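If you read the sequence shown in the numbering used here, its first letter stands for residue 61, the second for the next number, and so on.
Don't be surprised by glycine CBs; every beta carbon is placed ideally from N, CA and C.
Computed from a predicted structure; not experimentally measured.
Below is one structure, written out as structure tokens, with a few remarks after it.
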Amino acid sequence: GNEAYPNAFGPAISSPVLITIVLCFIILGELLVAAFSLKGAYDMFRVRGGSAEGFNDAKTWAIMGCVMALLVWFGLFMVIGGAYFQMWQTPLGAAAQGGAFQYAISSGIVLLFVNAPD
């Protein structure tokens, strides 16, 4: 149980089917982060010697990858997992929150640099 706040905001999810669906949704989100980011990196690498305008146009997929990363690790893990399910109360949940924080902050910083005009 949760000793710090035993009356959680939301009920625990105990349905194996629902847990599997949510897990697949998270994995799909992480795969989209990878696909968008790799496509963006490839597009930017391909036009690296061209004009600044062309390079800025090539940033679209990289920006989408960073935004998707923020949605997954900040939105799903930190906001929904941390606030709604209070993941931080268990050792396993706290570890997931720490990793999500690292990925979310890194993605946000990369987004700031990639989104800056050249």
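Next item on the list: Inspect the CB distances between the segment 141-153 and the segment 165-178 and report whether three or more fall short of 8 Å.
Entry: no
Check: What separation, rounded to the nearest whole angstrom, lies between the Cα atoms of residue 141 and residue 77?
Finding: Here residue 141 corresponds to residue number 81 of the sequence shown, with the count starting at 1. Here residue 77 corresponds to residue number 17 of the sequence shown, with the count starting at 1. Cα to Cα, the separation comes out at about 18 Å.
Check: When DSSP labels each residue in this structure, what does residue 95 get in the three-state scheme?
Finding: Locating residue 95 in the sequence shown gives position 35, where the first residue counts as 1. Residue 95: helix per DSSP, three-state reduction.
Note to self: I need the straight-line Cα distance from residue 126 to residue 80, nearest angstrom please.
What the structure shows: Position 66 of the sequence shown holds residue 126. Position 20 of the sequence shown holds residue 80. Rounded to the nearest angstrom, the two C-alpha atoms are 25 Å apart.
Checklist line | Distance between residue 82 and residue 74 (C-alpha atoms, nearest Å) | finding: Taking the sequence shown and counting its residues from 1, the one referred to as residue 74 is at position 14. Taking the sequence shown and counting its residues from 1, the one referred to as residue 82 is at position 22. Approximately 12 Å, taken between the alpha carbons.
Margin query: Taking only three categories from DSSP, how would you classify residue 137?
Written below: As a working note, residue 137 is residue 77 in the sequence shown. Three-state result, residue 137: helix.
Next item on the list: Keeping to the same chain, check which residues put their C-beta closer than 8 Å to that of residue 157; ignore five residues upstream and five downstream.
Entry: Translated into the one-based positions of the sequence shown, residue 157 becomes position 97. Cβ neighbours of residue 157 beyond the five flanking positions: 137, 138, 141, 142, 147, 148.
Checklist line | residue 119 versus residue 144 - alpha carbon distance | finding: Along the sequence shown, read from residue 1 onward, the residue named residue 119 stands at position 59. Along the sequence shown, read from residue 1 onward, the residue named residue 144 stands at position 84. Rounded to whole angstroms, residue 119 to residue 144 spans 34 Å at the Cα level.
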